[in-house]
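Take a look at the structure below.
In the working numbering, the protein residues as written are 1263 to 1537.
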(Lines of atoms letter the chains of each structure in order from A and count residues from 1; the text may use other names and numbers.)
(Lines give C-alpha, C1' and ligand atoms only; values in the text may rest on other atoms or scores of the structure.)
Protein backbone atom coordinates (compact mmCIF):
# COMPACT_ATOMS: atom_id res chain seq x y z
CA UNK A 1 0.00 0.00 0.00
CA UNK A 2 1.34 3.44 -0.80
CA UNK A 3 0.62 6.85 -2.28
CA UNK A 4 -0.57 6.33 -5.84
CA UNK A 5 -0.44 8.51 -8.93
CA UNK A 6 -1.53 7.31 -12.32
CA UNK A 7 -0.75 8.63 -15.82
CA UNK A 8 -3.96 7.93 -17.74
CA UNK A 9 -2.11 8.21 -21.06
CA UNK A 10 0.46 5.49 -20.37
CA UNK A 11 -1.29 3.43 -17.72
CA UNK A 12 1.69 3.74 -15.37
CA UNK A 13 1.19 3.89 -11.62
CA UNK A 14 3.81 5.11 -9.16
CA UNK A 15 3.56 4.70 -5.41
CA UNK A 16 5.83 6.37 -2.91
CA UNK A 17 6.15 5.39 0.71
CA UNK A 18 8.70 6.50 3.31
CA UNK A 19 9.97 4.06 5.93
CA UNK A 20 13.17 3.41 7.82
CA UNK A 21 15.47 0.98 6.04
CA UNK A 22 18.87 -0.55 6.79
CA UNK A 23 20.58 2.82 6.43
CA UNK A 24 19.23 6.27 7.45
CA UNK A 25 17.54 6.77 4.12
CA UNK A 26 14.22 6.96 2.35
CA UNK A 27 12.73 3.85 0.81
CA UNK A 28 11.21 4.55 -2.59
CA UNK A 29 8.50 2.14 -3.62
CA UNK A 30 7.79 2.33 -7.33
CA UNK A 31 4.99 0.39 -8.92
CA UNK A 32 4.77 0.23 -12.67
CA UNK A 33 2.17 -1.62 -14.67
CA UNK A 34 1.97 -2.23 -18.35
CA UNK A 35 -1.10 -0.64 -19.95
CA UNK A 36 -3.79 -1.02 -18.67
CA UNK A 37 -3.43 -0.91 -14.91
CA UNK A 38 -4.92 -3.78 -12.82
CA UNK A 39 -7.85 -2.60 -10.71
CA UNK A 40 -10.93 -3.67 -8.75
CA UNK A 41 -11.71 -7.37 -8.94
CA UNK A 42 -8.38 -8.10 -10.66
CA UNK A 43 -7.08 -8.70 -7.11
CA UNK A 44 -9.16 -11.90 -6.99
CA UNK A 45 -6.98 -13.55 -9.65
CA UNK A 46 -3.70 -13.83 -7.67
CA UNK A 47 -5.73 -14.97 -4.63
CA UNK A 48 -7.28 -17.80 -6.65
CA UNK A 49 -4.02 -18.72 -8.37
CA UNK A 50 -2.21 -18.80 -5.01
CA UNK A 51 -4.88 -21.17 -3.67
CA UNK A 52 -4.45 -23.52 -6.64
CA UNK A 53 -0.67 -23.46 -6.30
CA UNK A 54 -0.87 -24.51 -2.64
CA UNK A 55 -3.40 -27.24 -3.37
CA UNK A 56 -1.43 -28.62 -6.32
CA UNK A 57 1.90 -28.14 -4.51
CA UNK A 58 3.54 -26.79 -7.62
CA UNK A 59 4.76 -23.53 -9.11
CA UNK A 60 3.11 -24.54 -12.39
CA UNK A 61 -0.63 -24.97 -12.03
CA UNK A 62 -3.20 -26.56 -14.33
CA UNK A 63 -6.96 -26.04 -14.48
CA UNK A 64 -9.80 -26.78 -16.89
CA UNK A 65 -11.36 -23.37 -17.30
CA UNK A 66 -10.36 -19.84 -16.36
CA UNK A 67 -14.04 -19.17 -15.67
CA UNK A 68 -13.77 -21.48 -12.65
CA UNK A 69 -12.75 -18.39 -10.71
CA UNK A 70 -16.31 -17.08 -11.16
CA UNK A 71 -17.68 -20.19 -9.43
CA UNK A 72 -15.00 -20.05 -6.75
CA UNK A 73 -15.95 -16.52 -5.69
CA UNK A 74 -19.70 -16.89 -6.34
CA UNK A 75 -19.68 -14.39 -9.23
CA UNK A 76 -22.27 -14.42 -12.04
CA UNK A 77 -21.21 -16.37 -15.12
CA UNK A 78 -22.36 -13.74 -17.59
CA UNK A 79 -20.82 -11.69 -20.38
CA UNK A 80 -19.64 -8.66 -18.38
CA UNK A 81 -17.95 -10.76 -15.68
CA UNK A 82 -16.41 -13.06 -18.29
CA UNK A 83 -14.93 -10.18 -20.29
CA UNK A 84 -13.71 -8.62 -17.06
CA UNK A 85 -12.00 -11.90 -16.21
CA UNK A 86 -10.23 -12.13 -19.57
CA UNK A 87 -8.86 -8.60 -19.24
CA UNK A 88 -7.94 -9.18 -15.60
CA UNK A 89 -5.64 -12.09 -16.39
CA UNK A 90 -3.86 -9.98 -18.99
CA UNK A 91 -3.46 -7.04 -16.61
CA UNK A 92 -2.14 -9.19 -13.77
CA UNK A 93 0.34 -10.92 -16.08
CA UNK A 94 1.70 -7.55 -17.24
CA UNK A 95 2.02 -6.12 -13.73
CA UNK A 96 5.57 -5.58 -12.46
CA UNK A 97 6.36 -3.94 -9.12
CA UNK A 98 9.66 -2.14 -8.60
CA UNK A 99 11.11 -1.52 -5.14
CA UNK A 100 14.14 0.68 -4.70
CA UNK A 101 16.06 3.26 -2.76
CA UNK A 102 18.58 5.93 -3.61
CA UNK A 103 20.59 7.52 -0.81
CA UNK A 104 24.05 8.54 0.34
CA UNK A 105 24.32 6.97 3.82
CA UNK A 106 28.13 7.03 4.13
CA UNK A 107 29.20 9.65 1.61
CA UNK A 108 28.75 7.33 -1.39
CA UNK A 109 25.61 7.01 -3.47
CA UNK A 110 23.61 3.83 -2.82
CA UNK A 111 21.27 2.51 -5.50
CA UNK A 112 19.34 -0.60 -4.47
CA UNK A 113 16.49 -1.88 -6.68
CA UNK A 114 14.46 -5.07 -6.98
CA UNK A 115 11.39 -6.11 -8.93
CA UNK A 116 8.46 -8.45 -8.46
CA UNK A 117 5.88 -9.97 -10.80
CA UNK A 118 3.19 -12.61 -10.36
CA UNK A 119 3.48 -14.95 -13.35
CA UNK A 120 6.37 -16.14 -15.53
CA UNK A 121 4.16 -17.77 -18.14
CA UNK A 122 0.45 -17.98 -18.91
CA UNK A 123 -1.41 -20.10 -21.45
CA UNK A 124 -5.17 -19.74 -21.23
CA UNK A 125 -7.99 -20.75 -23.54
CA UNK A 126 -11.07 -18.53 -23.68
CA UNK A 127 -14.32 -19.09 -25.51
CA UNK A 128 -15.01 -16.69 -28.39
CA UNK A 129 -18.76 -17.11 -27.84
CA UNK A 130 -20.14 -15.79 -24.56
CA UNK A 131 -22.98 -18.34 -24.62
CA UNK A 132 -20.44 -21.13 -24.28
CA UNK A 133 -19.04 -20.05 -20.91
CA UNK A 134 -20.49 -23.05 -19.10
CA UNK A 135 -18.44 -25.50 -21.18
CA UNK A 136 -15.59 -23.18 -21.99
CA UNK A 137 -13.10 -25.26 -23.96
CA UNK A 138 -12.74 -27.71 -21.10
CA UNK A 139 -10.75 -30.12 -23.31
CA UNK A 140 -7.83 -27.66 -23.27
CA UNK A 141 -5.27 -27.52 -20.51
CA UNK A 142 -4.84 -24.05 -19.03
CA UNK A 143 -1.40 -23.48 -17.53
CA UNK A 144 0.10 -20.69 -15.41
CA UNK A 145 3.65 -20.71 -14.08
CA UNK A 146 4.04 -18.51 -11.02
CA UNK A 147 7.18 -16.45 -10.60
CA UNK A 148 9.64 -17.99 -8.18
CA UNK A 149 9.34 -15.01 -5.83
CA UNK A 150 5.51 -15.15 -5.77
CA UNK A 151 5.44 -18.90 -5.21
CA UNK A 152 8.02 -18.71 -2.44
CA UNK A 153 6.09 -15.93 -0.73
CA UNK A 154 2.75 -17.76 -0.64
CA UNK A 155 4.38 -21.08 0.27
CA UNK A 156 6.39 -19.73 3.20
CA UNK A 157 3.82 -17.25 4.52
CA UNK A 158 0.46 -19.02 4.46
CA UNK A 159 -2.46 -17.30 6.16
CA UNK A 160 -5.97 -18.66 6.95
CA UNK A 161 -8.13 -16.53 4.64
CA UNK A 162 -11.78 -17.56 4.39
CA UNK A 163 -13.05 -18.05 0.83
CA UNK A 164 -16.63 -17.14 1.71
CA UNK A 165 -15.43 -13.89 3.28
CA UNK A 166 -13.60 -12.97 0.08
CA UNK A 167 -16.68 -13.86 -1.97
CA UNK A 168 -18.75 -11.52 0.21
CA UNK A 169 -16.27 -8.68 -0.37
CA UNK A 170 -15.72 -9.01 -4.13
CA UNK A 171 -17.57 -5.73 -4.70
CA UNK A 172 -15.88 -3.92 -1.79
CA UNK A 173 -12.17 -3.84 -2.75
CA UNK A 174 -11.12 -1.47 0.03
CA UNK A 175 -12.67 -3.67 2.71
CA UNK A 176 -11.26 -6.80 1.04
CA UNK A 177 -7.72 -5.40 1.11
CA UNK A 178 -8.15 -4.38 4.77
CA UNK A 179 -9.57 -7.82 5.67
CA UNK A 180 -6.62 -9.69 4.11
CA UNK A 181 -4.15 -7.29 5.71
CA UNK A 182 -5.76 -7.83 9.14
CA UNK A 183 -5.68 -11.61 8.69
CA UNK A 184 -1.99 -11.48 7.78
CA UNK A 185 -1.04 -8.98 10.50
CA UNK A 186 -2.87 -10.81 13.29
CA UNK A 187 -1.84 -14.32 12.19
CA UNK A 188 1.89 -13.49 11.94
CA UNK A 189 1.96 -11.48 15.16
CA UNK A 190 4.50 -12.86 17.65
CA UNK A 191 3.52 -10.60 20.55
CA UNK A 192 0.19 -10.56 22.36
CA UNK A 193 -0.85 -7.38 20.58
CA UNK A 194 0.54 -4.47 18.63
CA UNK A 195 -0.54 -0.82 18.56
CA UNK A 196 -0.31 0.61 15.05
CA UNK A 197 -0.47 4.41 14.90
CA UNK A 198 -2.99 5.79 12.45
CA UNK A 199 -1.09 9.03 11.86
CA UNK A 200 2.50 10.20 11.67
CA UNK A 201 5.41 9.34 9.33
CA UNK A 202 4.99 5.59 9.84
CA UNK A 203 1.26 5.55 10.56
CA UNK A 204 -1.33 3.50 8.72
CA UNK A 205 -2.63 6.61 6.95
CA UNK A 206 0.83 7.29 5.51
CA UNK A 207 1.13 3.69 4.35
CA UNK A 208 -2.21 3.81 2.56
CA UNK A 209 -1.23 7.18 1.18
CA UNK A 210 -4.36 7.96 -0.82
CA UNK A 211 -5.29 11.62 -1.12
CA UNK A 212 -8.95 10.74 -0.43
CA UNK A 213 -8.05 10.60 3.26
CA UNK A 214 -5.96 13.77 3.47
CA UNK A 215 -7.89 14.86 6.55
CA UNK A 216 -7.37 12.64 9.60
CA UNK A 217 -11.03 12.48 10.52
CA UNK A 218 -11.96 11.19 7.05
CA UNK A 219 -9.34 8.46 7.23
CA UNK A 220 -10.46 7.42 10.72
CA UNK A 221 -14.08 7.33 9.57
CA UNK A 222 -13.21 5.14 6.57
CA UNK A 223 -11.11 2.81 8.73
CA UNK A 224 -13.96 2.40 11.23
CA UNK A 225 -16.32 1.63 8.34
CA UNK A 226 -13.96 -1.06 6.97
CA UNK A 227 -13.51 -2.53 10.44
CA UNK A 228 -17.28 -2.77 10.97
CA UNK A 229 -17.65 -4.62 7.66
CA UNK A 230 -14.79 -6.98 8.48
CA UNK A 231 -16.38 -7.85 11.84
CA UNK A 232 -19.61 -8.77 10.10
CA UNK A 233 -17.84 -11.57 8.19
CA UNK A 234 -15.27 -12.24 10.93
CA UNK A 235 -16.95 -11.58 14.31
CA UNK A 236 -13.83 -12.66 16.24
CA UNK A 237 -11.60 -10.20 14.36
CA UNK A 238 -8.97 -9.20 16.96
CA UNK A 239 -8.69 -5.55 15.94
CA UNK A 240 -10.09 -2.44 17.63
CA UNK A 241 -9.72 1.33 17.50
CA UNK A 242 -9.76 2.84 21.03
CA UNK A 243 -11.91 5.87 21.84
CA UNK A 244 -9.01 8.29 21.29
CA UNK A 245 -8.91 7.23 17.62
CA UNK A 246 -5.14 7.43 17.33
CA UNK A 247 -4.11 3.78 17.00
CA UNK A 248 -5.32 0.47 15.63
CA UNK A 249 -4.85 -2.29 18.21
CA UNK A 250 -4.31 -5.72 16.62
CA UNK A 251 -4.11 -8.88 18.75
CA UNK A 252 -2.95 -12.33 17.73
CA UNK A 253 -5.59 -14.39 15.90
CA UNK A 254 -4.01 -17.79 16.58
CA UNK A 255 -6.92 -18.63 18.90
CA UNK A 256 -9.60 -17.20 16.60
CA UNK A 257 -8.43 -17.54 12.97
CA UNK A 258 -10.54 -16.06 10.21
CA UNK A 259 -11.03 -19.46 8.58
CA UNK A 260 -13.46 -20.44 11.35
CA UNK A 261 -16.14 -18.04 10.11
CA UNK A 262 -19.46 -19.88 9.97
CA UNK A 263 -21.91 -17.14 9.08
CA UNK A 264 -22.23 -16.14 5.45
CA UNK A 265 -22.96 -12.41 5.17
CA UNK A 266 -23.07 -10.36 2.03
CA UNK A 267 -21.34 -7.00 1.91
CA UNK A 268 -22.31 -4.61 -0.85
CA UNK A 269 -20.67 -1.36 -1.83
CA UNK A 270 -22.44 0.53 0.90
CA UNK A 271 -24.28 -1.81 3.28
CA UNK A 272 -23.39 -5.03 5.11
CA UNK A 273 -26.10 -7.47 6.11
CA UNK A 274 -26.45 -11.11 7.18
CA UNK A 275 -28.37 -13.87 5.44
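Where is the CB? At the ideal position from N, CA and C, for every residue including glycine. Quick caveat: nothing in here was measured; it's all calculated off a predicted structure.
In this structure residue 1359 is not in contact with residue 1331, their Cβ atoms being roughly 22 Å apart against a cut-off of 8 Å. Excluding the 5 residues flanking it on each side, residue 1520 has same chain C-beta neighbours closer than 6 Å at 1422, 1424, 1445 and 1496, in chain order. With fewer than three CB-CB distances shorter than 8 Å, the segment 1371-1381 does not count as touching the segment 1326-1346. Within the DSSP secondary-structure output, residue 1299 pairs in no beta bridge. Beta-bridge partners of residue 1407 (DSSP): 1322 and 1383. The C-alpha of residue 1438 is placed about 12 Å away from the C-alpha of residue 1493. Taking C-alpha positions only, residue 1379 is separated from residue 1411 by approximately 8 Å. DSSP, reduced to helix, strand and coil, places residue 1500 outside both helices and strands of the structure shown, so it counts as coil. 1462 is the residue among 1462, 1362 and 1491 whose C-alpha sits nearest the C-alpha of residue 1477.
In this structure, the CA atom of residue 1489 is about 8 Å from the CA atom of residue 1502.
For residue 1508 and residue 1342, the gap between their C-alpha atoms comes out near 42 Å. Taking residue 1385 as the centre and dropping the five residues before and after it, the same chain places the C-beta of 1405 closer than 6 Å to its C-beta, in chain order. Straight through space, the alpha carbons of residue 1407 and residue 1383 are spaced by roughly 5 Å. Between the C-alpha atoms of residue 1321 and residue 1381 there is a straight-line separation of about 10 Å. Per DSSP, residue 1352 is one residue of the alpha helix (DSSP H) stretching across 1341-1356.
In chain order, 1435 place their CB closer than 7 Å to the CB of residue 1302, counting only its own chain and leaving out the 5 sequence neighbours on each side.
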